[in-house]
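For the sequence shown, our numbering begins at 15 and goes up steadily by one.
Beta carbons: idealized from backbone N, C-alpha and C, even for Gly.
Values in this document were obtained by computation on a predicted structure and should not be read as measured data.
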Amino acid sequence: MKKLFLMLFFAIASTAFSQNKINVIQGNYDFLKDQTEVNVQLKFDNAAYQEKNLSEAQYIESRKADITARKGDKVWDNWTYQWEKFKTSEYLEYFYKGINAKSKKIKFKNDVKAKYTLIIDAKWIYAGWYGGMIGSQEAKLTADLLFVETDNPSNVIMKLQADKIQGKKMNDQFSWEYGRIAAAYEITGKKLGTEIKKVLK
């Protein structure tokens, strides 16, 4: 019984230890040593949301019911506009803010003619919550980070996993989930940039 308890404890501890970290799944950073730019793309095709692993459509539907009931159609229309805007451009901008501040020898951008592309493939997004004076809960992001050849995306050079990366209260849109999720992308960038900086000293 004691042995079983210890095995369970170490299994839980190792899982918890891997969270809020960038974990290497395949490859290493050596291919970046002679690079000055890396292209970046976001993917949300297989993302699940919240503890119930909702699809994006299910999550949006639940938010629609909540926002229209409490705040009305005008606020909902703005929410949908902001949701798409953040997915299209703002999450990338926050990621760049995080990674380029750390990985100064390589600039991460979108739509550049770079040898390598980083695909940030979101797998799980926890939107957190905002309670004003009561308090708040930051968003979390789990994503596969795939470095691929730009001209041959099926060739994966390196694979990492961002495991439940927790954002921080650091932007003026934090009261809405897209602002909290953006903060998680920024922290993901910071953590990845820190790892790259260690290798490219």
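On a Cα-Cα basis, can you pick out the residue from GLU191, VAL162, ILE171 and THR202 that is closest to GLN180? It is THR202.
If I follow the unbroken alpha helix (DSSP H) through PHE188, where does it start and stop? Careful: PHE188 lies outside any alpha helix (DSSP H) and carries neither H nor E.
I'd like the span of the beta strand (DSSP E) that includes THR156, first residue to last. 154 to 163 is the span of the beta strand (DSSP E), which, as asked, contains THR156.
Range covered by the beta strand (DSSP E) that runs through ASN166: Element bounds for ASN166: 166 to 180.
Nearest CA to the CA of LEU160: which residue from ASN185, ASP91 and LEU206? Answer by Cα proximity: LEU206.
Which of the three DSSP states, helix, strand or coil, is assigned to GLN64? If DSSP states are grouped into helix, strand and coil, GLN64 belongs with coil.
Does THR131 come out as helix, strand or coil in the three-state DSSP assignment? Here THR131 carries a strand assignment [DSSP, helix/strand/coil].
With three or more beta-carbon pairs closer than 8 Å as the criterion, would you say the region 168 to 176 touches the region 81 to 91? No: the two stretches stay apart, fewer than three of their Cβ pairs being nearer than 8 Å.
Using the three-state DSSP reduction, which class does SER150 fall into: helix, strand or coil? It is a strand residue.
Backbone CA spacing between TRP138 and ILE120 [nearest angstrom]: Whole-angstrom Cα-Cα distance: 27 Å.
Which one of ASN53, LYS47 and SER69 has the shortest CA to CA distance from ASN60? The shortest CA-to-CA distance from ASN60 to any of ASN53, LYS47 and SER69 is the one to SER69.
Is the region 186 to 198 touching the region 147 to 155 in the sense that three or more CB pairs, one from each, lie closer than 8 Å? Yes, the region 147 to 155 is in contact with the region 186 to 198.
Over the uninterrupted alpha helix (DSSP H) stretch that includes PHE45, give me the two end residues. Judged by DSSP secondary structure, PHE45 falls outside any alpha helix (DSSP H); it is assigned neither H nor E.
Given a cut-off of 8 Å on the beta-carbon distance, is the pair GLN64 and TRP190 in contact? No, the pair does not count as a contact, with Cβ atoms beyond the cut-off.
Which residues in the same chain have their Cβ closer than 8 Å to the Cβ of LEU214, if we skip the five residues on either side of it in sequence? Annotation for LEU214: TYR43, LEU46, LYS47, SER117, LYS119 and ILE120 place their beta carbon closer than 8 Å to its own, counting only its chain and skipping 5 residues before and after.
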